[in-house]
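Engineer: What follows is a structure written as C-alpha cells; I'll ask about it next.
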Amino acid sequence: MDERKWWKESVVYQIYPQSFCDGNGDGVGDLPGIIGKLDYLADLGADVLWLSPIYPSPGHDNGYDISDYEAIDPRYGDMEDFERLLAETHARGLRLIIDLVVNHTSIEHPWFKSARSGKNDPKRDYYIWRDPAPGGRPPNNWGALFGGSAWTLDEKSGQYYLHLFSPWQPELNWENPLLRQDIYAMMRRWLAKGVDGFRMDVISLIAKPDDFSDGPVGASGYFDPRERVAANPKVHEYLREMRKEALSGHDVMTVGEASATTLEDARQLTNPSGDELDMVFQFEHMDLDGGETFKWNDRTIPLLRLKNVMAKWQQGLAHSGWNALFWNNHDQPRMLSRLGDEGEYREASAKMLAACLHMMQGSPFIYQGEELGMTNMRFTRPEQLRDGESRNAYRHYVLDGDIAKDDMLRYISLKSRDNARTPIQWDASPGAGFTQAAPWMDINPNHTEINAEEQLHRKGSVLSFYKELTRLRHMHPIVVYGDFVPYAQEDSRVFAYTRILDGEILFVCCNFTAQALDFAPPDGLQGENARLLLTNCADSAYMAESRLAPYEAVVILANGHSGSSSNKPGLPGGRDSFDGVRTPGKEKS
Ligand code: TEU
Numbered sequence: 092m093d094e095r096k097w098w099k100e101s102v103v104y105q106i107y108p109q110s111f112c113d114g115n116g117d118g119v120g121d122l123p124g125i126i127g128k129l130d131y132l133a134d135l136g137a138d139v140l141w142l143s144p145i146y147p148s149p150g151h152d153n154g155y156d157i158s159d160y161e162a163i164d165p166r167y168g169d170m171e172d173f174e175r176l177l178a179e180t181h182a183r184g185l186r187l188i189i190d191l192v193v194n195h196t197s198i199e200h201p202w203f204k205s206a207r208s209g210k211n212d213p214k215r216d217y218y219i220w221r222d223p224a225p226g227g228r229p230p231n232n233w234g235a236l237f238g239g240s241a242w243t244l245d246e247k248s249g250q251y252y253l254h255l256f257s258p259w260q261p262e263l264n265w266e267n268p269l270l271r272q273d274i275y276a277m278m279r280r281w282l283a284k285g286v287d288g289f290r291m292d293v294i295s296l297i298a299k300p301d302d303f304s305d306g307p308v309g310a311s312g313y314f315d316p317r318e319r320v321a322a323n324p325k326v327h328e329y330l331r332e333m334r335k336e337a338l339s340g341h342d343v344m345t346v347g348e349a350s351a352t353t354l355e356d357a358r359q360l361t362n363p364s365g366d367e368l369d370m371v372f373q374f375e376h377m378d379l380d381g382g383e384t385f386k387w388n389d390r391t392i393p394l395l396r397l398k399n400v401m402a403k404w405q406q407g408l409a410h411s412g413w414n415a416l417f418w419n420n421h422d423q424p425r426m427l428s429r430l431g432d433e434g435e436y437r438e439a440s441a442k443m444l445a446a447c448l449h450m451m452q453g454s455p456f457i458y459q460g461e462e463l464g465m466t467n468m469r470f471t472r473p474e475q476l477r478d479g480e481s482r483n484a485y486r487h488y489v490l491d492g493d494i495a496k497d498d499m500l501r502y503i504s505l506k507s508r509d510n511a512r513t514p515i516q517w518d519a520s521p522g523a524g525f526t527q528a529a530p531w532m533d534i535n536p537n538h539t540e541i542n543a544e545e546q547l548h549r550k551g552s553v554l555s556f557y558k559e560l561t562r563l564r565h566m567h568p569i570v571v572y573g574d575f576v577p578y579a580q581e582d583s584r585v586f587a588y589t590r591i592l593d594g595e596i597l598f599v600c601c602n603f604t605a606q607a608l609d610f611a612p613p614d615g616l617q618g619e620n621a622r623l624l625l626t627n628c629a630d631s632a633y634m635a636e637s638r639l640a641p642y643e644a645v646v647i648l649a650n651g652h653s654g655s656s657s658n659k660p661g662l663p664g665g666r667d668s669f670d671g672v673r674t675p676g677k678e679k680s
C-alpha cells in the first residue's frame, strides 16, 4: 500500500464564491454566505474545501485576474470574514485550501502598474516583454486562450507583454528570482494564517520555454503555445524551490492545475518523495469532445476513449504519483449534461457518474452543485453570458466568423464555462435560496425541481448518494489505496474496473446507457464472499442476474479471506472507519 496521507483520503469540495451563496443581499455570493453553509458541507462528508479566488480583482476573468494577493475583494467580505471562515471550517474538522494564481496577475496589480511605467522600472522584469516583430507586429504567432494574440502592445515603451489568457492577465516572469521570493513570502503569510494548502492555477505553464518561435496555426488563426510551455522542465525546478522555501514544515495539500501536461511530467510533478506537488488535475478526459473550432461544437465524449484516458492516468500514476479526480469544475460544462441524461434518468445518471469517479484511485473533487445533480443551462441570448471566453468566442465565430448564431448558442449551452457558474440551487424560491436580490448571473430555471432543500432529507436523492460515497471512502482503505485494474475495456457501454488491495477486490461497473444490459462480473465476484456495497438502483437485479438497469452503477466488495476489516494495514482491529489520518487534531464531531 502507498504511504498514507490525509490528502489521499480526503474528498475535496470546490466553492466558486461568486455563485455559492449571497450572505449580504447584493446578488453575488460571498464569504458570510459560505459560512452559513458549512454545516451542509460537513454533513456531505467533505474533508477539504477549495475556495476559488476571493482576492481583489477587476473581474475580467471572475477573479482569476488578481490585483492584490493578500486582501479580500469587498464583494466577498473582508479579512475578518475570511478568518472567521477559516476558524469555522477548522472547528468542523474540515480543512481549507485557497487558489494560488501565480502564472499571471491582473494588469491592475501594483507590480504590473510599476512594470509598465518604464523599461528601467525595477518591476519591469517581473513580466515578459519583447520588442515587436518587423512591421510592428506581435513578436510571434502565439494565441491567447481567450482569443486574439498572446501579446499586447504597451504603447508607452513600444514593447509587447505576453499573456497566455486574456490581455488583462499578463504572464509573470518566473525566471526572476526576486519575483519568486515575493510569491513564496506571500504563500508563507497565508500559511501563517492557517490555510491548509493551495490549488495552483495553471501551474504547469509558469516556466516559459527558451523557444519563442512561431508554431503551427489552428482555426483560431494562432498557434496554441500551451504544450510547448508546459514542456519546459524548469517548472520542476521552480516547484522544488517553492516546496523548500514556502511549504516546508507545513503539513499542507497542494493540487496543481496541469494544463497540457504529459503523463510523464505529471509523474514527476506528483512523485511520492513529495518535493513538488501532491496531486494534479489533468485535462485529457475533458478535451475528448474538442475539435477544429476548439470546444465550440456539439460533439460528445466517446466512452471508449474516456475509458482509455482514465485507465492511462489511473495506471500511469499508480505508486508513482497521485490523481486529482474530477468531472466538473468552474471551467467545465456540467458532466451530467455531457455524459449523463438530463431527462428521465437525471438522478440515476448523476449518481452513476459520481460512483464511477469516486471509486477510482485519487482524491475526488466535488464541484458545487454537482452533488445536487445540477445541469447545464440553456442560453438563448448572448447577453446571458458572463464569461469572457464564451463572449469572445461568440464574437469571433458568429460576428466575424462562420458559425450560425443559433448553432453557436447551442454549442455554448453545451460547452461554455458559464454552465458551471450559474448560482447554486438551494431551494425552489425565485432567487433559488442563493440571493434575495437580482443574481449576478441568471439562475437555471430548473431550480424549482433541482435544489438542495428538496434533496436534503430525501433518501435516494443525488445528495444522499454523494454522502454515501464519501462515507465509503472514509470506511474502506481499498477505495483510497487499491490498485486500479480496467475490466472489459473494449465494452463501449459499460465503464467497469476493479480495485485490489490486500486480498480484497472492489468491483465497479457503470452503465452509461439508457438501456438495461447484461454484464458479467469477473470470476469470484459472485457467491457469499461478495457483497453489494452500493447501487443507485432501488431494486437492483445485478447480484442475482448480472443485469444492469439504465444508468445503473454497482459497487461490489469481495473478500479473498475472512475477517478483512481487522486485516487492513494500519487499522486497529474492529474499527469500521479509518479516518485517523484524515484530520489529525481536528476530529469530526
Ligand atoms: O484555467 C486554465 C485552463 O487552461 C482551462 O481550464 C481553461 O480555462 C479552459 O480550458 C478554457 O475552456 C485556469 C482557471 O481555472 C480558469 O478559470 C482561468 O480562467 C484560467 O486559469 C486563467 O487564470
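Numbering (this note's numbering), first residue to last: 92 to 680. Using N, Cα and C, we set each Cβ at its ideal position, and we do this for glycine too. What you are looking at is a predicted structure, and each value in this text was computed from that prediction instead of being measured.
(1) Kindly examine the ligand TEU and report whether one of its heavy atoms sits closer than 7 Å to the Cβ of Phe173.
(2) So Asp190 is in the alpha helix (DSSP H); what residue range does that whole segment cover?
(3) Taking the continuous beta strand (DSSP E) assigned at Asn568, which residues delimit it?
(4) List, from N- to C-terminal side, the alpha helix (DSSP H) runs of 4 residues or more that fit wholly inside the region 122-199.
(5) Who are Thr243's beta bridge partners in DSSP?
(6) Under a three-way DSSP split, which group does Ile647 fall into?
(7) Does the Cβ of Asp380 have 16 or more other Cβ atoms within 10 Å, making it buried, or fewer, making it exposed?
(8) Counting Cβ pairs, one atom from each stretch, are 3 or more of them under 8 Å apart for the region 299-319 and the region 233-244?
(9) Inspect the beta-carbon positions of His421 and Tyr167 and report whether they are closer than 8 Å.
(10) Is Trp404 closer than 8 Å to Leu444 when the C-beta atoms are compared?
(11) Using a Cβ-Cβ cut-off of 8 Å (strictly less than) and excluding sequence neighbours within five positions of Ala224, which residues of its own chain qualify?
(12) Inspect the beta-carbon positions of Tyr350 and Val293 and report whether they are closer than 8 Å.
(13) From this set, Gln617, Asp614 and Lys96, which residue's C-alpha is nearest Asp342's C-alpha?
(14) Can you check which of these residues, Met468, Gln359 and Ser552, is closest to Pro514 by C-alpha distance?
(15) Give me the Cα-Cα distance between Gly124 and Leu132, rounded to the nearest whole angstrom.
(16) Can you find the residues in the same chain that come closer than 8 Å, C-beta to C-beta, to Ala519, ignoring five residues on each side of it along the sequence?
(17) Apart from the five residues just before and just after Leu560, which ones in its own chain have a Cβ nearer than 7 Å to its Cβ?
(18) According to the Cβ coordinates, are Leu337 and Pro641 closer than 8 Å?
(19) Which residue or residues does DSSP assign as beta-bridge partners of Leu592?
(20) Per DSSP, which one or two residues make a beta bridge with Ser454?
(21) Would you mind sorting Asn211 into buried or exposed? The rule is 16 or more other CB atoms within 10 Å of its CB.
(22) Identify which residue in Pro258, Ile188 and Gly184 has its Cα closest to the Cα of Ile219.
(23) Please name the residue, chosen from Pro324, Leu597, Asn602 and Asp497, that lies closest to Gln617 on a Cα-to-Cα basis.
(24) Closest by CA to Ser637, which one among Ala621, Cys628 and Pro612?
(25) Which ranges would you report for the alpha helix (DSSP H) in the region 254-304 if only whole runs of at least 4 residues count?
(26) Can you tell me the Cα-Cα spacing of Leu55 and Ser295, whole angstroms?
(27) Could you check the C-alpha separation between Ser656 and Tyr104 for me, to the nearest Å?
(28) Taking buried to mean at least 16 other C-beta atoms within 10 Å of its own C-beta, is Pro324 buried or exposed?
(29) Within the same chain, show all residues whose beta-carbon is closer than 6 Å to that of Glu94, passing over the 5 residues directly before and after it, in chain order.
(30) Applying the 10 Å Cβ sphere with the 16-neighbour rule, what's the burial state of Pro393?
(31) Starting from Met344, trace the beta strand (DSSP E) in both directions and tell me its first and last residue.
(32) So, using beta-carbon positions, are Val646 and Glu100 closer together than 8 Å?
(33) Between the region 400-416 and the region 546-558, do at least 3 Cβ pairs fall closer than 8 Å?
(34) Provide the residue(s) that pair with Asn602 in DSSP beta bridges, ordered along the chain.
(35) Give the DSSP-derived three-state secondary structure of Ile503 in the structure shown.
Structural biologist: In brief:
(1) Position 82 of the sequence shown holds residue 173. Remark: the shortest separation between the CB of Phe173 and any heavy atom of the ligand TEU does not fall under 7 Å.
(2) On the sequence shown, position 99 is the one that residue 190 refers to. Careful: Asp190 lies outside any alpha helix (DSSP H), inside the beta strand (DSSP E) at Arg186 to Leu191.
(3) Numbered from its first residue, the sequence shown carries residue 568 at position 477. A small fix is needed here, since residue 568 is Pro in this sequence, not Asn. Segment Pro568 to Tyr572 is the alpha helix (DSSP H) holding Pro568; no beta strand (DSSP E) there.
(4) With a minimum length of 4 residues, the continuous alpha helix (DSSP H) runs that stay inside the region 122-199 are 122-126, 129-135 and 170-182.
(5) Taking the first residue of the sequence shown as 1, we reach residue 243 at position 152. Paired residue(s): Tyr252.
(6) By 1-based counting over the sequence shown, the position of residue 647 is 556. Of the three classes helix, strand and coil, the one that applies to Ile647 here is strand, per DSSP.
(7) Along the sequence shown, read from residue 1 onward, the residue named residue 380 stands at position 289. Classification of Asp380: buried, given that the 10 Å Cβ count is 16 or more.
(8) Put simply, the region 299-319 touches the region 233-244. At least three CB pairs are less than 8 Å apart.
(9) Numbered from its first residue, the sequence shown carries residue 421 at position 330. Numbered from its first residue, the sequence shown carries residue 167 at position 76. No, these two residues do not count as a Cβ contact at 8 Å.
(10) The count along the sequence shown starts at 1 and reaches residue 444 at position 353. The count along the sequence shown starts at 1 and reaches residue 404 at position 313. In this structure, Leu444 keeps its C-beta atom at 8 Å or more from the C-beta atom of Trp404.
(11) If you number the sequence shown from 1, residue 224 lands on position 133. Non-local C-beta neighbours of Ala224 in its own chain, meaning closer than 8 Å and more than five positions away in sequence, comprise Pro230 and Asn231, ordered along the chain.
(12) Mapped onto the sequence shown, residue 350 falls at position 259. Mapped onto the sequence shown, residue 293 falls at position 202. In the sequence as presented, Tyr is not what sits at residue 350; that position holds Ser. For the 8 Å CB-CB criterion, Ser350 and Val293 form a contact.
(13) On the sequence shown, residue 342 is found 251 positions in, with the first residue counted as 1. Comparing Cα-Cα distances from Asp342 to each of Gln617, Asp614 and Lys96, the minimum goes to Lys96.
(14) In the sequence shown, counting from the first residue as 1, residue 514 sits at position 423. Of the residues Met468, Gln359 and Ser552, the one whose Cα lies closest to the Cα of Pro514 is Met468.
(15) Translated into the one-based positions of the sequence shown, residue 124 becomes position 33. Translated into the one-based positions of the sequence shown, residue 132 becomes position 41. CA-to-CA, the gap between Gly124 and Leu132 works out to about 13 Å.
(16) The residue labelled residue 519 in the question sits at position 428 within the sequence shown. Shown here for Ala519: same chain residues with a beta carbon closer than 8 Å to its own, the five before and five after excluded, namely His538, Thr539, Glu540, Asn542, Glu544 and Glu545 in chain order.
(17) Looking up residue 560 in the sequence shown gives position 469. Cβ within range, chain order: Ala445, Ala446 and His449.
(18) By one-based count along the sequence shown, residue 337 stands at place 246. By one-based count along the sequence shown, residue 641 stands at place 550. Residue 337 is actually Ala in this sequence, not Leu. Not a contact, by the Cβ cut-off of 8 Å.
(19) As a first step, residue 592 is located in the sequence shown; it is residue number 501 there, counting from the start. According to DSSP, Leu592 bridges with Glu595.
(20) Working through the sequence shown from its first residue, we reach residue 454 at position 363. Ala415.
(21) Within the sequence shown, numbered from 1, the residue matching residue 211 stands at position 120. Around the C-beta of Asn211, fewer than 16 other C-beta atoms lie within 10 Å, and the residue is accordingly described as exposed.
(22) As a first step, residue 219 must be located in the sequence shown, where it is residue number 128. The residue from Pro258, Ile188 and Gly184 with its alpha-carbon nearest to that of Ile219 is Pro258.
(23) Here residue 617 is taken as the residue at index 526 of the sequence shown, counted from 1. Relative to Gln617, the option among Pro324, Leu597, Asn602 and Asp497 whose CA is nearest is Leu597.
(24) Against the sequence shown, residue 637 aligns to sequence position 546. Among Ala621, Cys628 and Pro612, the Cα nearest to that of Ser637 is on Pro612.
(25) Runs of the alpha helix (DSSP H) inside the region 254-304: 268-284.
(26) Any question about residue 55 goes unanswered here, given that the chain covers just 92 to 680.
(27) As a first step, residue 656 is located in the sequence shown; it is residue number 565 there, counting from the start. As a first step, residue 104 is located in the sequence shown; it is residue number 13 there, counting from the start. Reliability of the predicted coordinates at Ser656 is poor, the pLDDT of 39 falling under 50, and the value obtained from them is presented with this limitation in mind. The alpha-carbon atoms of Ser656 and Tyr104 are separated by roughly 28 Å.
(28) Taking the first residue of the sequence shown as position 1, residue 324 is located at position 233. With fewer than 16 Cβ atoms within 10 Å of its Cβ, Pro324 is classed as exposed.
(29) Taking the sequence shown and counting its residues from 1, one reaches residue 94 at position 3. Closer than 6 Å at Cβ, skipping near neighbours: no residue.
(30) Here residue 393 refers to the residue found at position 302 of the sequence shown. Pro393 comes out exposed.
(31) Here the question's residue 344 lines up with position 253 in the sequence shown. Boundaries of the beta strand (DSSP E) around Met344: Met344 to Glu348.
(32) Counted from its first residue, the sequence shown places residue 646 at position 555. Counted from its first residue, the sequence shown places residue 100 at position 9. Not a contact, by the Cβ cut-off of 8 Å.
(33) Segments in contact, no.
(34) One-based indexing of the sequence shown puts residue 602 at position 511. Answer is Val585, bridged to Asn602.
(35) Here residue 503 refers to the residue found at position 412 of the sequence shown. In the three-state reduction of the DSSP assignment, Ile503 falls in the helix class, which pools H, G and I.
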